[in-house]
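See below for the structure under consideration.
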Amino acid sequence: MGGVTSSMAAKLAFFPPNPASYKLVTDEITGIITLNTYPHRENVEILKLPTRKGNEIVAMYIRHPMATSTLLYSHGNAADLGQMYDLFIELSIHLKVNLMGYDYAGYGQSSGKPSEHNTYADVEAVYKCLEESYGAKQENIILYGQSVGSGPTLDLAARLPRLRAAVLHSPILSGLRVMYPVKRTYWFDIYKNIDKIPLVSCPVLIIHGTADEVVDCSHGKQLWELCKEKYEPLWLKGGNHCNLELYPEYIAHLKKFVHSVKKSASRRSTCRRSVDRLEHTRRSTDCFEASRKSTDRRESNLRQSTDKPEKLKGLDFKPNIDKLEKLRMPFDQTERSRRSVDCLEKSRKSIDHQVERGRKSVDRLDRVWAG
Numbered sequence: 001m002g003g004v005t006s007s008m009a010a011k012l013a014f015f016p017p018n019p020a021s022y023k024l025v026t027d028e029i030t031g032i033i034t035l036n037t038y039p040h041r042e043n044v045e046i047l048k049l050p051t052r053k054g055n056e057i058v059a060m061y062i063r064h065p066m067a068t069s070t071l072l073y074s075h076g077n078a079a080d081l082g083q084m085y086d087l088f089i090e091l092s093i094h095l096k097v098n099l100m101g102y103d104y105a106g107y108g109q110s111s112g113k114p115s116e117h118n119t120y121a122d123v124e125a126v127y128k129c130l131e132e133s134y135g136a137k138q139e140n141i142i143l144y145g146q147s148v149g150s151g152p153t154l155d156l157a158a159r160l161p162r163l164r165a166a167v168l169h170s171p172i173l174s175g176l177r178v179m180y181p182v183k184r185t186y187w188f189d190i191y192k193n194i195d196k197i198p199l200v201s202c203p204v205l206i207i208h209g210t211a212d213e214v215v216d217c218s219h220g221k222q223l224w225e226l227c228k229e230k231y232e233p234l235w236l237k238g239g240n241h242c243n244l245e246l247y248p249e250y251i252a253h254l255k256k257f258v259h260s261v262k263k264s265a266s267r268r269s270t271c272r273r274s275v276d277r278l279e280h281t282r283r284s285t286d287c288f289e290a291s292r293k294s295t296d297r298r299e300s301n302l303r304q305s306t307d308k309p310e311k312l313k314g315l316d317f318k319p320n321i322d323k324l325e326k327l328r329m330p331f332d333q334t335e336r337s338r339r340s341v342d343c344l345e346k347s348r349k350s351i352d353h354q355v356e357r358g359r360k361s362v363d364r365l366d367r368v369w370a371g
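Mapping to my numbering: the sequence shown position 86 is 86, numbers consecutive.
Put into structure tokens, the structure is as follows:
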């Protein structure tokens, strides 16, 4: 049942012009590709891009000399590049942007069959081309999705955190909700924009006609309520599903939005550069701190090595001095005893000498008396 419903939703979602409104013409000498319904313009390139689903889609790149951003436009369900050509040229001129439009698989001269997952592969191939072939950066890209094109636009936007902005023109909540007022998302539904838009980080502009009989204006209003970064919406009174570009407010509001996100992007870039500089400074300070800690460790080690002799002098040498002092004391006592003995010896000799002298004197007296 789910597969049948999903297939039916896909059939109601895609109405590629049949026959296609254009054919491709390739110049045999230069290899330049053009649309047979329009002459070659120097600032317009027609490309063939391979997708991861194995299809080859046709894309159109318009270059503006003063552009600072690029608009990646996913068109509605009943148009192709031949029908969108004039509008793309006008948007590029008035908004001063580079613009890349493309045909889904099965549309115009793109190969394959239209399906939800083919459109996801298609928009990815175009985005990849902008990055690799034209040097566009995520921060400078604005995604634009009209009607069914809101599906691949939001699917890609939800995966690009640094995207400059997104525009949703008569968007759908989901494929099934266009046909039935369901309150929940079913697994077999297609383009579940209601679940993806809260994941989009960039500013989002929503444009919807209040008299839209194909996709009710309530779809746009509910999506706007779910936006993470809302921008002033444009509800065109009396506008239907296919004529919003004819309202003067349409291009005026788009200009205002593009200018606004350009200034915001410039501020974010300046802020990011400041943060990067601070981070670089912090890393340099960290390196200095690491060096300082290393120096401190070396100084600490050196100080500890220097302190060791002091500790040895204070601990190891004092006990040795005490020991020497103790050893010296007996020697001093011996020396004093020896000196005392010497003194006694001298006294004894002196007494002996005096006795001897006395004895000699007695002997002389005896001789005197005898004579």
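Using N, Cα and C, we set each Cβ at its ideal position, and we do this for glycine too.
The stretch 90-102 and the stretch 55-73 touch, with no fewer than 3 CB-CB distances between them shorter than 8 Å. Taken atom to atom, the span from the alpha-carbon of serine 170 to that of leucine 163 is near 21 Å. The continuous beta strand (DSSP E) containing glycine 145 extends over residues 141-146. DSSP places histidine 117 in the uninterrupted alpha helix (DSSP H) bounded by 116-134. Residue pairing from DSSP places isoleucine 33 in a beta bridge opposite Thr26. Secondary structure of leucine 226 (DSSP, three-state): helix. Apart from the 5 residues on each side of it in sequence, asparagine 193 sits with its Cβ closer than 7 Å to the Cβ of Ser150, Gly151, Leu154, Pro171, Ile172, Leu173, Ser174 and Leu223 in its chain, given in chain order.
Per DSSP, leucine 254 has no beta bridge partner at all. The shortest CA-to-CA distance from isoleucine 142 to any of Phe15, Ser69 and Leu254 is the one to Ser69. The DSSP-derived three-state label of valine 200 is coil.
For the set Ile93, Lys262, Glu139 and Ala79, the Cα lying nearest the Cα of serine 21 is the one of Ala79. Note that the C-beta distance between proline 198 and alanine 165 is not below 8 Å. Non-local C-beta neighbours of threonine 185 in its own chain, meaning closer than 7 Å and more than five positions away in sequence, comprise Ser174, Lys192, Ile194 and Asp195, ordered along the chain. Contact between histidine 94 and methionine 84 does not hold, since their C-beta atoms are separated by about 15 Å, which reaches or exceeds 8 Å. The Cβ atoms of serine 147 and asparagine 77 lie closer than 8 Å to each other.
When the Cα atoms are used, proline 39 and glutamate 28 turn out to be separated by approximately 16 Å. Straight across, the Cα-Cα distance linking alanine 13 with serine 110 is about 17 Å. Leu47 is the residue among Lys23, Leu47 and Pro19 whose C-alpha sits nearest the C-alpha of glycine 31. Setting aside the 5 residues that flank it on each side, lysine 23 is surrounded in the same chain by Asn36, each with a C-beta closer than 6 Å to its C-beta; the list follows chain order. Under DSSP, no beta-bridge partner is assigned to valine 97. Partner residues in the beta bridge of valine 167, as assigned by DSSP, are Tyr144 and Leu205. At a Cβ-Cβ threshold of 8 Å, proline 114 and glycine 108 do not count as neighbours. The three-state secondary structure of isoleucine 172, taken from DSSP, is coil.
In this structure, glycine 220 keeps its C-beta atom at 8 Å or more from the C-beta atom of asparagine 240. Assignment of beta-bridge partners to serine 110 by DSSP yields no partner. In the DSSP assignment, isoleucine 57 is bridged to Leu49. If you ignore the 5 residues before and after alanine 211, its C-beta comes within less than 7 Å of the C-beta of Gly238, Gly239 and Asn240, all in its own chain and listed in chain order.
DSSP places threonine 70 within a strand segment (E or B) once states are collapsed to three. According to DSSP, valine 44 shares a beta bridge with Ile62. Under the criterion of beta carbons closer than 8 Å, valine 215 and valine 178 qualify as touching, at roughly 6 Å. Beta-bridge annotation (DSSP): tryptophan 235 is paired with His208.
Per DSSP, glycine 149 is not a residue of any alpha helix (DSSP H), being assigned neither H nor E.
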